[in-house]
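To keep things clear, I will list the structure first and then write my remarks on it.
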Amino acid sequence: FQRLSTRLSKTKESLVHRMDTLFLGRKEIDADLFDELEEILITADLGINTTMELLDDARRNVKRNALSDPQELKIVLKEKLRSFLMESDQPAELVRPESGPFVIMVVGVNGVGKTTTIGKITKKFKQAGQSVLLVAADTFRAAAVAQLKIWGERNDVTVVHQQEGADPSAVAFDAIDLAVAKEYDVVIVDTAGRLHTQVNLMEELKKIKRVMGKRLEGAPHEILLVLDATTGQNAVSQAKLFNDAVGITGLALTKLDGTAKGGIVACICRELSIPIRFIGIGEQIDDLRDFNPDDFINALFG
Ligand code: GDP
65 FQRLSTRLSK TKESLVHRMD TLFLGRKEID ADLFDELEEI LITADLGINT TMELLDDARR
125 NVKRNALSDP QELKIVLKEK LRSFLMESDQ PAELVRPESG PFVIMVVGVN GVGKTTTIGK
185 ITKKFKQAGQ SVLLVAADTF RAAAVAQLKI WGERNDVTVV HQQEGADPSA VAFDAIDLAV
245 AKEYDVVIVD TAGRLHTQVN LMEELKKIKR VMGKRLEGAP HEILLVLDAT TGQNAVSQAK
305 LFNDAVGITG LALTKLDGTA KGGIVACICR ELSIPIRFIG IGEQIDDLRD FNPDDFINAL
365 FG
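Take any residue in the sequence shown, count from 1 to its spot, add 64: that is its number in the UniProt record's numbering.
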């Protein structure tokens, strides 16, 4: 918990400490206070809608004299922020099939931390005593396959790959075949994330999904979208784009350790009805946490 709190220090600084400073010694609530709060929340990447929702309620209460003490306002805002995280679909456990391999298809734009996150998740499953098969379905970039192999070696698991330029859905199909035959517990499929040919990419992802479902009913059981928290509101747009194309069932939010934009978590919980499964708080293999709203808020405000 202490580690989580330390890793979130930049967001703590930008959101919590700035709020604390703003409220310090204040005797009354005025329009200026709300303007500055708005600025703080938007800077921490809560997004316009979530920020307005958070403040409008308080504004109304001040107007009808139900709220006049600034310190009380501070508490109200923190509690409201907590409720935004708690009332969403969080926390949501991964839903596994009753039998056969649990197939996770991982999608996301290049550079967001997809391969790293796959490496970290693999370690979690292995630690839980599960066998994991990694699948390199980004056949577009040789570097992507090489990266995945490195994480495969670190975790001592097999990485299925074919030659550069192979059909990604064929790679995925063959991998499911192997996983069923060899009774693997978990299959994690890495996919391409090139942004410049978005339409083709989305068609490619749809096909991978479809083909896996043909080989194993219900697969993929999870389509995990990896988002980079440092990109703030951009991450929310990416989520909408991928969700429209393939239907995202869970999110992994990376690089929360390096950013002051951690307010994005509240924005995602409020504006997307997709559960955050994992948060990335560093580059090392153990720097991945199951997302828990209570822990997150306590780490921020504690
Ligand atoms: P991919 O292109 O999406 O597969 O991205 P990579 O997995 O190669 O990661 C891109 C960069 O982000 C690498 O330098 C990773 O070490 C870094 N990275 C990934 N996750 C995290 C995280 O949670 N925190 C930090 N600070 N860096 C991360």
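Heads up, the beta-carbon is just placed ideally off N, CA and C, and yes, glycines get one too. No experiment lies behind these values; they were computed from the predicted model shown.
As a quick exercise: from the options, pick the residue whose alpha carbon is nearest that of residue i.
i, options, result
"Gln297", "Ile332, Leu265, Ile272", "Ile332"
"Arg205", "Ala283, Glu92, His225", "His225"
"Ile328", "Ala293, Ile139, Glu268", "Ala293"
"Phe237", "Asp354, Thr222, Leu280", "Leu280"
"Val199", "Lys184, Ala207, Pro232, Asn307", "Pro232"
"Glu268", "Gly282, Phe306, Arg146", "Phe306"
"Lys91", "Glu347, Leu137, Leu212", "Leu137"
"Asn174", "Lys273, Leu158, Leu265, Ile312", "Leu265"
"Lys190", "Gly177, Gly216, Leu212", "Gly216"
"Arg82", "Thr107, Leu291, Ala95", "Thr107"
"Gly282", "Ile93, Val159, Phe360, Val170", "Val159"
"Ala122", "Lys144, Leu291, Lys213", "Lys144"
"Thr203", "Gln227, Glu151, Gln194, Asp220", "Gln227"
"Gly234", "Asp351, Ala303, Lys271", "In the sequence under discussion, the amino acid at residue 234 is Ala, which differs from the Gly named in the question. Ranking Asp351, Ala303, Lys271 by Cα distance to Ala234 puts Lys271 first."
Hey, would you say residue i sits closer than 7 Å to residue j, going by beta carbons?
i, j, result
"Ser69", "Ala324", "no"
"Val310", "Ile287", "yes"
"Ala316", "Thr181", "yes"
"Glu100", "Leu88", "no"
"Tyr248", "Pro161", "no"
"Ala201", "Val253", "yes"
"Ile343", "Leu320", "yes"
"Leu197", "Thr179", "no"
"Ile349", "Lys184", "yes"
"Ile312", "Ile345", "no"
"Ala330", "Leu97", "no"
"Thr115", "Leu131", "no"
"Gly322", "Gly257", "no"
"Leu141", "Pro357", "no"
"Gly177", "Thr295", "no"
Just grab the DSSP bridge partners of residue i for me.
i, result
"Ile168", "Ile252, Glu286"
"Ala316", "Val290, Phe342"
"Asp359", "According to DSSP, which records beta bridges pairwise, Asp359 is partnered with nothing at all."
"Asp354", "Phe342"
Can you list the alpha helix (DSSP H) stretches of 4 or more residues lying completely in the stretch 178 to 202, in chain order? Within the stretch 178 to 202, the complete alpha helix (DSSP H) runs of at least 4 residues are 178 to 191.
Curious, which full-length beta strand (DSSP E) runs of at least 3 residues does the UniProt domain "SRP54-type proteins GTP-binding" (339 to 352) contain? Restricted to the UniProt domain "SRP54-type proteins GTP-binding" (339 to 352), the beta strand (DSSP E) segments that are unbroken, complete and at least 3 residues in length are 340 to 344, listed in chain order.
4-residue-minimum alpha helix (DSSP H) runs that sit fully inside the stretch 196 to 245, ordered along the chain: Within the stretch 196 to 245, the runs of alpha helix (DSSP H) at least 4 residues long that lie entirely inside it are, in chain order, 206 to 219, 232 to 245.
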